[in-house]
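For reference, the structure is listed below as structure tokens.
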Amino acid sequence: DAGVIQSPRHEVTEMGQEVTLRCKPISGHDYLFWYRQTMMRGLELLIYFNNNVPIDDSGMPEDRFSAKMPNASFSTLKIQPSEPRDSAVYFCASGRGTYGYTFGSGTRLTVV
Amino acid sequence: GDSVTQMEGPVTLSEEAFLTINCTYTATGYPSLFWYVQYPGEGLQLLLKATKADDKGSNKGFEATYRKETTSFHLEKGSVQVSDSAVYFCALINPADYKLSFGAGTTVTVRA
Numbered sequence: 078d079a080g081v082i083q084s085p086r087h088e089v090t091e092m093g094q095e096v097t098l099r100c101k102p103i104s105g106h107d108y109l110f111w112y113r114q115t116m117m118r119g120l121e122l123l124i125y126f127n128n129n130v131p132i133d134d135s136g137m138p139e140d141r142f143s144a145k146m147p148n149a150s151f152s153t154l155k156i157q158p159s160e161p162r163d164s165a166v167y168f169c170a171s172g173r174g175t176y177g178y179t180f181g182s183g184t185r186l187t188v189v
Numbered sequence: 751g752d753s754v755t756q757m758e759g760p761v762t763l764s765e766e767a768f769l770t771i772n773c774t775y776t777a778t779g780y781p782s783l784f785w786y787v788q789y790p791g792e793g794l795q796l797l798l799k800a801t802k803a804d805d806k807g808s809n810k811g812f813e814a815t816y817r818k819e820t821t822s823f824h825l826e827k828g829s830v831q832v833s834d835s836a837v838y839f840c841a842l843i844n845p846a847d848y849k850l851s852f853g854a855g856t857t858v859t860v861r862a
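Below, the structure written as structure tokens:
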């Protein structure tokens with residue numbers, strides 16, 4: 078079991094550029110979550126999916142953010158255009174409901 | 751909505767001291783409860799969990815008991831080590847929607 082795999086681990090981009098973060102959940106897990114972590118705001122839930130369907134995207138900060146899950150083994154979080162305030166660590170997590178969720182190692186995004 | 755409240759940090763202890771981090775929750779229905787740990791520069795790891803009243807979760811010397819009457823899930827360790835320095839998050843999953851809700855996190859520093 079390779080765990081939840083996120084890529085890239087680090088991303089530095091210029092303001093205005095498009096950024097795509099990727100996540101491969103653990104096989105067999107039917108829930109997938111995207112979180113953002115900053116010193117100021119802590120952990121924020123952005124969106125989560127069940128069986129590839131978005132269930133709650135109320136945490137997505139604005140229209141610049143979008144997330145997709147085209148199949149059970151892949152999800153993306155896209156920011157277009159990126160802004161310096163989007164700098165954060167973005168985590169993906171997957172699981173099967175009340176058993177708990179496994180987190181990836183995160184993507185550290187820096188927008189300059 | 752669901753919420754998790756945990757004691758504010760930071761908490762600084764000496765090695766071999768007793769650690770308690772208080773956590774209370776508000777949820778509709780009957781949630782499952784979790785403690786996650788985040789070591790510096792890493793993602794969140796599931797530390798322990800409990801799925802019903804009076805269940806005790808335990809791992810790596812840490813324990814927490816699901817107290818439905820007081821809606822609490824306090825984390826304890828009898829003798830901490832420097833390697834326990836981390837941020838600890840209390841969390842719940844509501845079986846109505848399987849959303850994972852976190853507390854704000856408590857930073858623990860153990861000094862030799």
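In order, the protein sequences belong to chains A and B.
Every number in my numbering is 77 more than the matching position in the first sequence, counting from 1.
Every number in my numbering is 750 more than the matching position in the second sequence, counting from 1.
We treat Cβ as the ideally placed atom computed from N, Cα and C, and that holds for glycine.
Since we're looking at a predicted model, the values are computed, not measured.
Minimum Cβ-Cβ distance from residue i to chain A less than 8 Å
i, result
"Ile771(B)", "no"
"Glu758(B)", "no"
"Phe852(B)", "yes"
"Thr801(B)", "yes"
"Ser764(B)", "no"
"Lys849(B)", "yes"
"Leu797(B)", "no"
"Ser835(B)", "no"
"Ser753(B)", "no"
C-beta neighbour in chain B for residue i, strict 8 Å
i, result
"Tyr125(A)", "yes"
"Gly136(A)", "no"
"Tyr167(A)", "no"
"Gly119(A)", "yes"
"Ser182(A)", "yes"
"Gly177(A)", "yes"
"Gly174(A)", "yes"
"Asp140(A)", "no"
Alpha-carbon spacing of residue i relative to residue j, whole angstroms
i, j, result
"Asn148(A)", "Lys799(B)", "29 Å"
"Ile843(B)", "Cys169(A)", "16 Å"
"Trp785(B)", "Ser135(A)", "24 Å"
"Gly183(A)", "Asp107(A)", "19 Å"
"Ser829(B)", "Glu819(B)", "28 Å"
"Ser833(B)", "Thr859(B)", "9 Å"
"Ala836(B)", "Gln788(B)", "6 Å"
"Phe142(A)", "Gln795(B)", "26 Å"
"Tyr848(B)", "Tyr176(A)", "10 Å"
"Gly93(A)", "Met146(A)", "24 Å"
"Pro85(A)", "Met137(A)", "20 Å"
Residues near residue i by beta carbon distance below 7 Å, same chain, minus five either side
i, result
"Met757(B)", "Ile771, Asn772, Thr856"
"Val754(B)", "Cys773, Tyr775, Cys840, Ala841, Leu842, Ser851, Phe852, Gly853"
"Asn127(A)", "Asp107, Tyr108"
"Arg113(A)", "Glu121, Leu123, Ala165, Tyr167"
6 Å Cβ shell around residue i - same chain, five flanking residues per side excluded
i, result
"Leu154(A)", "Leu98, Trp111, Ala144"
"Ser764(B)", "Arg861"
Whole-Å CB distance - residue i paired with residue j, under 8 Å assumed
i, j, result
"Gly181(A)", "Gly793(B)", "6 Å"
"Ser152(A)", "Thr90(A)", "Wrong, their Cβ atoms sit about 20 Å apart, outside the cutoff."
"Ile82(A)", "Lys101(A)", "4 Å"
"Asp805(B)", "Pro781(B)", "Actually they do not touch by this definition, with Cβ atoms about 12 Å apart."
"Thr179(A)", "Gly105(A)", "With 8 Å as the limit, Thr179(A) and Gly105(A) do not qualify as a contact, their Cβ atoms being about 11 Å apart."
Other residues of its chain near residue i: CB distance less than 8 Å, five sequence neighbours each side excluded
i, result
"Glu88(A)", "Val96, Leu98, Thr184, Arg185, Leu186, Thr187"
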